[in-house]
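Those letters in the sequence shown? Residues 865 to 1254, per our numbering, in order. Even glycine gets a Cβ: it sits at the ideal position worked out from N, Cα and C. These numbers come from a predicted model, not from an experiment. Since the structure comes first, as structure tokens, the remarks are kept for the end.
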Amino acid sequence: MLQRLRSLPAQAVGAGVVAAVLGYASSVAVVVAGLTAAGASTAQVGSGLAAVGVAMGVLSIALSVTTRVPVAVVWSTPGLALLAAVGPVAGGFPAVLGALALAGGLIALTGLVRPLSRLLQRLPAPVTSAVLAGILLPFCLAPARALEPFPVQAGVVCLVWVAALRLAPRYAAPAALAALLAVVAVDGGVVLPGGGDALPSLVATAPTLSWQAVTAIALPLYVVTMAAQNLVGAAVLSSYGYRTPVGRVLVGTGLASAATAPLAAPTANLAAITGALTAGPAAHPDPRRRWVAAAVSGVGHLVLAAVAPFTAALVAQVDPRLVATAAGLGLLGAFVGAATAALADEDLRLPAAVTLLVTASGVDVLGLGSAPLGLAAGLVLARLLRPARG
């Protein structure tokens, strides 16, 4: 056993560790903000972080080892931004958990029923990108909005982010989170958790469902996770010459998401951005050895799951508007990418713009949230306008 561990390529091991730590530090503020906005307690946030960490770790290891493809599994950052944008729903947090479980079931079903994945692939990419951009936009406005009530704290966080963006772009989001905790600690607003608050603990809540939870969370979460995460993640792997085991990934992540939803775990999906760290040349010159990086990232997620309650208790002491500031800075790159993709096609630019604006508006009509309304508006306009321009 020790001999096998020693034979693992050091470069791939290092890339896996970096992918796990970087992915966690870059978006953990989004997890805390999303779950908290949806109604989770600090204990439930810690439970969700721990449960999804175990799910991501086990899936990354199992899928990478069995397929010899660098399959890295992460939480759905856009999905968590969606939770933050929607906020509380009818039925409370149990209904949110029911929506997460339903979305996971739909993802697993898509892995079993191929026509469903083909149907998703037929959705106009600019429109689905616009939905993602609209979900992310309110989060990305948070840093500017925080400057009024917290000019010093938010200003320092933004300046550190800009400096890191200049010197080490990959670490800009973690630097912003570290700066946030530092400035709040200087103000005496943070006390290091200890005792039971720092120990791993899973809190189970019986999921329920409500019409609003299904339409405002479950369905848009399914579409966004599939279109903006799983399909993009598969494209990343394909760009490096890998044949993605799509069926296994969707069934595995979907079932894991449904099973861990009662523990407040966010949806798990195929890595897109961090997936490039474990699938690209930085992981190893030999593509046949890069699966090790994804598997090691899974080990990293398991280790980080152990400190989830500590992280949740620490971040919970910070004003939600400042947490949203760090989260928004971390999501700016994703927003720019989504907005650029949404508006790139001239024929679909207007439908995409309408989709983005309706989604970002936060409106709720007859129990339908802004995300499904934005998607519907974009699809209808795309259908009406494209033939006329053709």
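- Straight across, the Cα-Cα distance linking Ala945 with Ala1188 is about 10 Å.
- Boundaries of the beta strand (DSSP E) harbouring Ala1132: Ala1132 to Leu1134, taken from the DSSP string.
- By the neighbour-count criterion, in which a residue is buried when 16 or more other Cβ atoms sit within 10 angstroms of its Cβ, Gly880 is buried.
- Inside the segment 1119 to 1172, DSSP marks whole beta strand (DSSP E) runs of 3 or more residues at positions 1132 to 1134, from first to last along the chain.
- DSSP, reduced to helix, strand and coil, places Val937 within a strand of the structure shown.
- Inter-segment contact for the segment 1110 to 1129 and the segment 923 to 936 is present: three or more beta-carbon pairs are separated by less than 8 Å.
- Between the alpha carbons of Leu973 and Ala1170 lies a gap of roughly 31 Å.
- Distance from the CA of Pro873 to the CA of Trp939, rounded to the nearest whole angstrom, comes to 26 Å.
- Secondary structure of Leu987 (DSSP, three-state): coil.
- Per the DSSP secondary-structure output, Leu1232 pairs in a beta bridge with Val1229.
- A Cβ-Cβ distance of about 17 Å is found for the pair Ala1128 and Thr1117, leaving them out of contact under the 8 Å criterion.
- Excluding five sequence positions before and after Val1047, the CB atoms of its chain that fall closer than 6 Å to its own CB belong to Gln1017 and Val1020, given in chain order.
- Residue state for Gly1105 is assigned as coil, using DSSP reduced to three classes.
- Check the Cα spacing between Leu1023 and each of Val937, Val1182 and Pro1007: the tightest is with Pro1007.
- With a cutoff of 8 Å on beta-carbon distance, Val950 and Ala1092 are scored as not near each other.
- Of the candidates Phe1174, Leu1243, Pro1173 and Gly1139, Gly1139 places its Cα closest to the Cα of Ala1157.
- The C-beta distance from Ala965 to Pro1071 rounds to 5 Å, short enough to meet the 8 Å contact threshold.
- Scanning its chain for C-beta atoms nearer than 7 Å, with the 5 sequence neighbours on each side dropped, one finds around Gly969 the residues Gly1118 and Ala1122, in chain order.
- Per DSSP, Ala926 is one residue of the alpha helix (DSSP H) stretching across Thr906 to Thr931.
- Contiguous alpha helix (DSSP H) elements confined to the segment 946 to 1008 occur at 956 to 976 and 978 to 985, taking only those with 4 or more residues.
- CA-CA distance, Gly943 to Asp1051, rounds to 32 Å.
- Excluding the 5 residues flanking it on each side, Gly917 has same chain C-beta neighbours closer than 7 Å at His1165, Leu1166, Leu1168, Ala1169 and Ala1172, in chain order.
- Between the alpha carbons of Ala1159 and Leu1249 lies a gap of roughly 46 Å.
- Approximately 31 Å separates the beta-carbon atoms of Val1067 and Val995; this is outside 8 Å, ruling out the contact.
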